[in-house]
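Take a look at the structure set out below.
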Amino acid sequence: MAGEDPILVERADGVVTVTLNRPQKKNAVTGEMWGQLRDLFREVAAAPADRVLVVTGAGGAFCSGADLTAIDDISGGGLNRMRVVGSAAQALHDLPKPTIAKVGGIAAGAGANLALGCDLIVASDDARFSEIFSARGLSLDFGGSWLLPRLVGLHRAKELAFFAEILSAKEAMDIGLVNRVVSVAELDAFVDDWAGRLAAGPPIALSLTKAMLNSSGGSTMAEALEREAQSQVINFGTDDMGEAMRAFVEKRPARFQGM
Numbered sequence: 261m262a263g264e265d266p267i268l269v270e271r272a273d274g275v276v277t278v279t280l281n282r283p284q285k286k287n288a289v290t291g292e293m294w295g296q297l298r299d300l301f302r303e304v305a306a307a308p309a310d311r312v313l314v315v316t317g318a319g320g321a322f323c324s325g326a327d328l329t330a331i332d333d334i335s336g337g338g339l340n341r342m343r344v345v346g347s348a349a350q351a352l353h354d355l356p357k358p359t360i361a362k363v364g365g366i367a368a369g370a371g372a373n374l375a376l377g378c379d380l381i382v383a384s385d386d387a388r389f390s391e392i393f394s395a396r397g398l399s400l401d402f403g404g405s406w407l408l409p410r411l412v413g414l415h416r417a418k419e420l421a422f423f424a425e426i427l428s429a430k431e432a433m434d435i436g437l438v439n440r441v442v443s444v445a446e447l448d449a450f451v452d453d454w455a456g457r458l459a460a461g462p463p464i465a466l467s468l469t470k471a472m473l474n475s476s477g478g479s480t481m482a483e484a485l486e487r488e489a490q491s492q493v494i495n496f497g498t499d500d501m502g503e504a505m506r507a508f509v510e511k512r513p514a515r516f517q518g519m
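Dropping the structure here:
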């Protein structure tokens with residue numbers, strides 16, 4: 261991918277595509293880039309015209325994790341530097357819009373957890389995933405300790421973290437880490453279709469649904485039902501619901517405005 265910027269941002273029809281652009285390093289992330297990603301995620305969260313976020317990597321890789329050849333860049337400030345990494349993970353998690361990881365090639369360490377932190381993961385059949393941390397003398401970061409048990413269960417999460425083995429795309433899908441696996445040739449078109457469908461969807465309803473699902477692990481049934489009721493009251497008051505009803509009667513696609 262052309263250009264020297266380590267992070268590329270493209271906007272089209274409500275879809276924001278963020279591309280990690282260090283192909284010579286398999287898109288390893290420097291300390292400065294974590295802060296840039298955090299700020300980008302917050303920017304997308306606040307922009308009404310941005311409806312969907314796609315995260316991907318250039319040059320046939322997704323992200324090999326933190327750039328450990330520049331370890332002083334990460335560890336030099338100790339805890340404060342690692343909190344910047346955590347703030348990027350939190351900003352991605354808090355983003356109130358659908359997010360898709362488009363994964364080709366390697367997704368390792370923090371790069372794997374960057375993908376897992378997205379709402380949906382579409383992987384090409386050459387993708388590989390690894391919680392590589394222990395092989396590098398490190399423990400989990402970028403939200404892996406929270407994400408993994410919720411996605412695959414506690415014991416499988418420990419297996420992935422302890423052994424740092426590399427999973428194929430099919431293996432990752434079989435254990436629930438990945439939504440879909442497609443051929444390399446189909447990856448762009450498949451993600452474009454999903455992102456376009458989400459961008460055309462009702463922004464308020466999708467945001468409320470995402471928030472409820474994200475909080476469901478710590479909720480009782482009663483709490484979930486109350487949040488559902490409150491969310492539907494919000495939806496009933498939107499122009500988008502009225503538009504959905506008109507579109508149904510008129511047998512046409514709805515044109516949602518997020519109002």
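When the letters of the sequence shown are read in order and numbered with this note's numbering, they come out as residues 261 to 519.
Ideal Cβ positions, reconstructed from N, Cα and C, are used throughout, including at glycine.
Residue i by DSSP, collapsed to three states: which one?
i: residue 262; result: Residue placement at residue 262 cannot be trusted, given a pLDDT of 45 that sits under 50; what the coordinates show is reported in the next sentence. Residue 262: coil per DSSP, three-state reduction.
i: residue 444; result: helix
i: residue 400; result: coil
i: residue 519; result: coil
i: residue 360; result: strand
i: residue 311; result: coil
i: residue 280; result: strand
i: residue 269; result: strand
i: residue 366; result: strand
i: residue 389; result: strand
i: residue 427; result: strand
i: residue 355; result: coil
i: residue 316; result: strand
i: residue 502; result: helix
i: residue 460; result: coil
i: residue 494; result: helix
i: residue 437; result: coil
i: residue 514; result: coil
i: residue 326; result: strand
i: residue 288; result: coil
My understanding is that residue i touches residue j, with C-beta atoms under 8 Å, so please give their C-beta distance in whole angstroms.
i: residue 460; j: residue 516; result: 7 Å
i: residue 390; j: residue 426; result: 4 Å
i: residue 463; j: residue 518; result: 4 Å
i: residue 383; j: residue 421; result: Their Cβ separation, rounded to whole angstroms, is 20 Å, which puts residue 383 and residue 421 out of contact at 8 Å.
i: residue 322; j: residue 367; result: 4 Å
i: residue 362; j: residue 324; result: With 8 Å as the limit, residue 362 and residue 324 do not qualify as a contact, their Cβ atoms being about 16 Å apart.
i: residue 501; j: residue 487; result: The pair is not a contact, with the Cβ atoms about 18 Å apart (cut-off 8 Å).
i: residue 444; j: residue 499; result: Actually they are not in contact, since the Cβ atoms of residue 444 and residue 499 sit about 41 Å apart, beyond 8 Å.
If you check the beta carbons only, do residue i and residue j fall under 8 Å apart?
i: residue 411; j: residue 374; result: no
i: residue 380; j: residue 360; result: yes
i: residue 401; j: residue 451; result: no
i: residue 348; j: residue 301; result: yes
i: residue 358; j: residue 458; result: yes
i: residue 424; j: residue 395; result: yes
i: residue 371; j: residue 320; result: no
i: residue 476; j: residue 482; result: no
i: residue 468; j: residue 495; result: yes
i: residue 442; j: residue 433; result: no
i: residue 343; j: residue 291; result: no
i: residue 353; j: residue 295; result: no
i: residue 326; j: residue 369; result: yes
For residue i, collect the residues of the same chain with a Cβ closer than 8 Å to its Cβ; drop the 5 residues on either side in sequence, then sort them by chain order.
i: residue 490; result: none
i: residue 270; result: 276, 277 and 279
i: residue 437; result: 376, 381, 389, 411, 412 and 427
i: residue 466; result: 357, 358 and 458
i: residue 407; result: 373, 376 and 377
i: residue 503; result: 514, 515, 516 and 517
Answer with yes or no whether the minimum CB distance from residue i to chain E is below 8 Å.
i: residue 449; result: Of the protein chains in the structure, only one exists, and it is not chain E.
Whose C-beta lies closer than 7 Å to the C-beta of residue i among residues of the same chain, with five residues either side of it excluded?
i: residue 522; result: This structure cannot speak to residue 522, because the chain is shown only from 261 to 519.
i: residue 397; result: none
i: residue 479; result: none
i: residue 355; result: 301, 304, 305 and 313
If I measure Cβ to Cβ from residue i and keep anything under 6 Å in the same chain, skipping five residues before and after, which residues do I get?
i: residue 304; result: 276, 310 and 313
i: residue 298; result: 347, 348 and 351
i: residue 449; result: none
i: residue 317; result: 280, 287 and 323
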